[in-house]
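Enquirer: Going line by line, the protein sequences match chains S and G.
Following my numbering, the residues of the first sequence are numbered contiguously, the last one being 218.
Following my numbering, the residues of the second sequence are numbered contiguously, the last one being 218.
Protein chains: 2
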Amino acid sequence: MDGVLELILCDIGNTTFHLLINENEKRYLLNEKLPAFNEKVYYISVNDKGQDSLKSTHNDIVNLENYIDFETSYKGMGIDRKVACYGIIDAIVVDAGSAITVDIMSNSEHKGGFILPGFKKIENLYTQISSKLDFDFNTKVNLDKIPLCTQDAISYAILQSIIEPIKNIREKQQIIFTGGDGEFLSKYFENSIYKKDLIFENMKRIINANNCIA
Amino acid sequence: MDGVLELILCDIGNTTFHLLINENEKRYLLNEKLPAFNEKVYYISVNDKGQDSLKSTHNDIVNLENYIDFETSYKGMGIDRKVACYGIIDAIVVDAGSAITVDIMSNSEHKGGFILPGFKKIENLYTQISSKLDFDFNTKVNLDKIPLCTQDAISYAILQSIIEPIKNIREKQQIIFTGGDGEFLSKYFENSIYKKDLIFENMKRIINANNCIA
């Protein structure tokens with residue numbers, strides 16, 4: 005590699021292209037046209053349409069899925085989850101985006117995981133069920149008290165439906181959060197950290213581990 | 005009252021009219037036309053359109069919301085939840101329909117509760133997030149093992165997002181399940197029972213407690 009400054013990384017999710025352009029983050033919707041880049045674009049993708057769009061506008065691209073060294077007995081694990089867990093020794097890895105993926109790494113081995121719907125997806129679901137359940141999420145709801153109004157009854161349930169399944173599988177390991185709702189969720193767990201750029205950091209590690217590909 | 009045999013009960017929910025006609029259960033979608041009845045119809049409703057529809061086709065109707073004796077400091081509790089909890093002394097009451105309401109009764113007092121999205125609503129949400137998450141629910145997923153494939157990762161998460169928040173508030177009391185998914189969910193809890201007709205049974209109790217209204 006010629007140096008970190010010229011790196012362009014692209015994480016294609018279910019709703020956006022998430023780019024790191026010379027250390028600057030930028031998001032584009034999947035139906036938006038990406039700017040032209042002179043540099044090579046290293047990418048991962050869980051969305052075929054997004055990948056096709058990148059391919060149609062850029063020639064010099066490298067799919068890091070072909071280079072990641074990540075073994076697991078889990079069948080069908082998305083590349084975003086593999087990258088999030090890459091190089092982690094002992095931790096629960098939670099990527100809280102449009103879905104919330106929860107994975108267990110133990111002694112550098114992937115032990116499995118589960119997939120919850122994303123925070124905002126659950127929030128919007130209540131309105132679909134009944135207009136009487138159309139409330140803004142109360143970020144200050146007290147989880148130590150049984151709710152006594154509908155706004156809290158919904159806010160409490162959304163949070164607990166995410167928090168309790170994670171607590172249930174936790175032994176004493178650290179929890180690493182990433183993704184749009186990761187910082188907010190991390191506040192509900194002791195011994196947890198929020199790594200905003202976990203995916204990009206690990207994409208760089210994969211590039212460095214395969215320096216032949218630069 | 006002239007006798008139980010002539011009772012017509014109607015529980016208007018968010019998707020159906022649920023009727024008990026002379027002890028026979030029957031469901032109609034909210035946009036379907038109800039048959040004509042000669043008898044008085046005792047009803048509860050959480051859906052204004054459904055209630056309007058009933059009113060437009062039947063004259064001899066009694067809204068049991070006006071007769072239920074149920075005190076709580078919870079603000080905005082739906083009549084269906086009040087009826088489900090009516091007369092319960094010590095239990096957690098779970099009505100698992102298009103929403104899953106969870107309420108705590110302790111010493112005949114309502115202590116509060118919370119509202120999860122319904123089972124099938126959550127299931128359908130995954131497909132909305134990504135076509136790669138479009139799997140049938142695995143009813144036999146093992147909750148004691150961390151999932152190792154996407155179908156199990158989703159099935160496990162759906163179940164745990166419902167089960168764990170309920171376990172978290174449970175002390176040692178019984179759990180009473182009702183609603184379409186109540187029987188299935190009850191199997192995951194010790195000291196629980198499924199009362200298919202909890203709402204109708206309690207509607208009858210309210211009628212009996214107010215025998216002047218017959």
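Even glycine gets a Cβ: it sits at the ideal position worked out from N, Cα and C.
Source: prediction; values computed, not measured.
Just verifying my parser: in three-state terms, what is the DSSP assignment at residue 31 (chain G)?
Expert: Here residue 31 (chain G) sits in strand by DSSP.
Enquirer: Threshold first: 4 residues or longer. Then list the alpha helix (DSSP H) segments lying entirely within the stretch 83–154 of chain G, N to C.
Expert: With a minimum length of 4 residues, the continuous alpha helix (DSSP H) runs that stay inside the stretch 83–154 of chain G are 83–89 and 123–133.
Enquirer: CA-CA distance, residue 33 (chain G) and residue 47 (chain G)?
Expert: Roughly 16 Å separates the two Cα atoms.
Enquirer: Residues bridged to residue 197 (chain G) by DSSP?
Expert: G:180.
Enquirer: Can you tell me where the alpha helix (DSSP H) with residue 188 (chain S) in it begins and where it stops?
Expert: Taken as a continuous stretch (DSSP letters only), the alpha helix (DSSP H) holding residue 188 (chain S) covers 186–190.
Enquirer: Per DSSP, what kind of secondary structure is residue 8 (chain S) in: helix, strand or coil?
Expert: Confidence is the limiting factor: at residue 8 (chain S) the pLDDT is only 46, short of 50, which leaves the residue's position unreliable, though a coordinate-based value still follows. Helix, per DSSP.
Enquirer: Going along the chain, which residues of its own chain have a beta-carbon closer than 7 Å to the beta-carbon of residue 95 (chain S), five neighbours each way excluded?
Expert: Answer for residue 95 (chain S): 109, 177, 178, 179 and 180, listed in chain order.
Enquirer: With a threshold of 8 Å between beta carbons, is residue 78 (chain S) in contact with chain G?
Expert: So, interface residue.
Enquirer: Which residues, in order along the stretch 19–52 of chain S, keep a beta-carbon less than 8 Å from a beta-carbon of chain G?
Expert: Cβ contacts with chain G come from 50 and 51.
Enquirer: I believe residue 73 (chain S) touches residue 213 (chain S) by the beta-carbon criterion, under 8 Å. Please report the beta-carbon distance rounded to the nearest angstrom.
Expert: Indeed they touch by this definition, with Cβ atoms about 7 Å apart.
Enquirer: Of all Cβ atoms in chain S, is any one closer than 8 Å to the Cβ of residue 153 (chain G)?
Expert: Yes, because at least one Cβ of chain S sits closer than 8 Å to the Cβ of residue 153 (chain G).
Enquirer: Kindly list, in the order they appear in chain G, the residues whose Cβ is closer than 7 Å to that of residue 168 (chain S).
Expert: In chain order: 168, 169 and 172.
Enquirer: Can you pull the chain S residues whose beta carbon is under 8 Å from the beta carbon of residue 122 (chain G), in chain order?
Expert: Those are 133, listed as they occur along chain S.
Enquirer: Restricting to Cα atoms, I'd like to know which of G:18, G:208, G:12 and G:13 is closest to residue 134 (chain S).
Expert: Considering only alpha carbons, the answer is G:18.
Enquirer: With DSSP collapsed to three states, give me the class of residue 72 (chain S).
Expert: Residue 72 (chain S): coil per DSSP, three-state reduction.
Enquirer: Could you pull out every residue in the same chain whose Cβ sits closer than 6 Å to the Cβ of residue 167 (chain S), ignoring the five residues on either side in sequence?
Expert: Contacts found: 192.
Enquirer: Going by DSSP, what residue range makes up the beta strand (DSSP E) through residue 21 (chain S)?
Expert: From DSSP, the beta strand (DSSP E) with residue 21 (chain S) extends over 20–25.
Enquirer: Is it true that the CB of residue 44 (chain G) sits closer than 8 Å to the CB of residue 16 (chain G)?
Expert: It is not a contact, given that the beta carbons lie outside the stated cut-off.
Enquirer: Among residues of its own chain, excluding the 5 on either side of residue 61 (chain G), which ones have a beta-carbon nearer than 8 Å to its beta-carbon?
Expert: Once the five neighbours on either side are set aside, the close Cβ partners of residue 61 (chain G) are 37, 38 and 40.
Enquirer: DSSP three-state call for residue 77 (chain G): helix, strand or coil?
Expert: The answer is coil: DSSP assigns residue 77 (chain G) none of H, G, I, E or B.
Enquirer: Can you name, in chain order, every residue of its own chain whose Cβ lies under 8 Å from the Cβ of residue 187 (chain S), other than the five neighbours on each side?
Expert: Closer than 8 Å at the Cβ level, and outside the excluded window around residue 187 (chain S), lie 181, 198 and 200.
Enquirer: Using a C-beta to C-beta distance shorter than 7 Å, which residues of chain S count as neighbours of residue 213 (chain G)?
Expert: The premise fails here: residue 213 (chain G) is roughly 25 Å from chain S at the closest Cβ pair, so nothing lies under 7 Å.
Enquirer: Would you give the residue range spanned by the alpha helix (DSSP H) that residue 63 (chain G) belongs to?
Expert: Segment: none, residue 63 (chain G) is in no alpha helix (DSSP H) and carries neither H nor E.
Enquirer: Does residue 91 (chain G) come within less than 8 Å of chain S when only Cβ atoms are used?
Expert: Output row for residue 91 (chain G): interface = no.
Enquirer: Quick one, which of G:63, G:113, G:75 and G:22 has its alpha-carbon nearest residue 50 (chain G)'s?
Expert: Nearest option by C-alpha distance: G:22.
Enquirer: Spell out the partners DSSP gives residue 160 (chain S) in its beta bridges.
Expert: DSSP, once it has assigned bridges, lists no residue as partnering residue 160 (chain S).
Enquirer: To the nearest angstrom, report how far apart residue 207 (chain G) and residue 68 (chain G) are at their CA atoms.
Expert: In a straight line, the C-alpha of residue 207 (chain G) is about 7 Å away from that of residue 68 (chain G).
Enquirer: Buried or exposed: where does residue 148 (chain S) fall if 16 or more other Cβ atoms within 10 Å of its Cβ makes it buried?
Expert: So residue 148 (chain S) ends up on the exposed side.
Enquirer: What three-state label does DSSP hand residue 38 (chain S) in the structure shown?
Expert: Three-state result, residue 38 (chain S): coil.
Enquirer: Kindly indicate which three-state DSSP category residue 209 (chain S) falls into: helix, strand or coil?
Expert: Residue 209 (chain S): helix per DSSP, three-state reduction.
Enquirer: Residues of chain S with CB closer than 8 Å to the CB of residue 130 (chain G), please, in chain order.
Expert: Those are 103, 119 and 121, listed as they occur along chain S.
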